[in-house]
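In the UniProt record's numbering, the protein residues as written are 1 to 308.
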């Protein structure tokens, strides 16, 4: 008999087909809609943005494994999962390069004014209006908050542009030769460009507050490819509106997919729709890894990319 799996988020056809080959699938439409199946479901496939709400986890007494399409686990109670012996796996490693690339792209865009320059030309301003001067990347100080795999990939790319790089992390990386700052405030004070790659969750909630933004200062830029929850969004809006920081490149927001409309009127911000990993190649690899982790578990093998 096929094990039964709960799908929190819809998946692409290839992943759906691979799952149906081995499992009985239930698309999540509410706890009540699960009925008797709740007592038979042994696995969950979900996205990093959705995770697995505590009430859903509690409603699945036979749950053995959660396979996450993404690297975020801030919306999964890992303490409870560990207590219950539920394995949790993510697609760590698969999306590193694409997320790092978009982090660098946002840095280049907001500092050099790429999309604002595009709007300048499209509005027909070039023949009559002086071209705005932007800023150079070379020689800038790039601070990276979170030196995991993605942070390290961003660091290597940033160094190729002739920047200085420093980092703040929960613990110092003994194998890194990069400058280390002991806290986020000191990193922001040092930085011209502050790139966020920290995980979400209570420990990092609103860690970028008014004090950090003021430390970054009127010539500083913020790039966020982490989670919207790590930035106090209203403080960021105020800092951008009042030119207390020079600009921001944002791939993530506090209440996605809802973005405060006040951002739309700002020329000093570049906005993306949480798409750092959204390439055909990476999304295919992520979907395959979600499936492979579930296959491994139900074949009695260790998870390929376990968190716990």
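Even for Gly, the Cβ is constructed at its ideal location relative to N, Cα and C. Here the structure is a predicted model, which means the values were calculated and not measured.
So which of the options has the shortest CA-CA distance to residue i?
i	options	result
residue 3	198, 300 and 305	300
residue 111	39, 275 and 247	247
residue 94	293, 295, 297 and 282	282
residue 219	203, 240 and 225	240
residue 102	307, 285, 277 and 295	277
residue 153	139, 194, 183 and 96	96
residue 261	298, 234, 274 and 191	234
residue 52	280, 194 and 72	72
residue 179	142, 193, 126 and 82	142
residue 237	225, 226 and 254	254
residue 22	43, 80 and 34	43
residue 32	138, 163, 59 and 17	59
residue 244	140, 222 and 8	222
residue 224	57, 99, 85 and 34	99
residue 13	308, 307 and 284	284
residue 84	54, 17 and 126	54
residue 183	212, 175, 162 and 163	212
In this structure, what does DSSP give as the bridge partners for residue i?
i	result
residue 195	144 and 223
residue 67	45 and 89
residue 247	221
residue 258	255
residue 164	141
So what's residue i in DSSP terms, helix, strand or just coil?
i	result
residue 89	strand
residue 28	coil
residue 242	coil
residue 12	coil
residue 206	coil
residue 154	helix
residue 252	coil
residue 119	helix
residue 268	coil
residue 263	helix
residue 54	helix
residue 59	coil
residue 6	strand
residue 104	helix
residue 231	strand
I'd like the list of long-range same chain contacts for residue i, defined as Cβ closer than 7 Å, with 5 residues on each side in sequence excluded.
i	result
residue 15	287, 290 and 291
residue 151	144, 167 and 197
residue 171	none
residue 305	89, 90, 91, 92, 93, 289 and 293
residue 57	63, 77 and 80
With a CB to CB cut of under 6 Å and the five nearest residues on each side skipped, what residues in its chain are close to residue i?
i	result
residue 104	157
residue 67	45, 89, 290, 293 and 294
residue 298	3
residue 160	none
residue 266	240
residue 135	111
Return the chain-ordered list of same chain residues with a C-beta closer than 8 Å to the C-beta of residue i, the five sequence neighbours on each side being excluded.
i	result
residue 40	4 and 62
residue 11	19, 45, 69, 287 and 290
residue 109	115, 249 and 270
residue 302	296
residue 26	4, 5, 6, 7, 34, 37 and 41
- Task: May I ask you to verify whether the stretch 248-256 touches the stretch 264-281, counting CB pairs closer than 8 Å and requiring at least 3?
- Result: yes
- Message: Is it the case that the stretch 206-217 contacts the stretch 225-232, given that we only count it when at least three CB pairs across the two stretches are under 8 Å?
- Response: yes
- Message: Count Cβ pairs between the stretch 197-204 and the stretch 143-162 that sit closer than 8 Å; are there 3 or more?
- Response: yes
- Message: For the pair the stretch 159-168 and the stretch 184-194, tell me if three or more CB-CB distances fall below 8 Å.
- Response: yes
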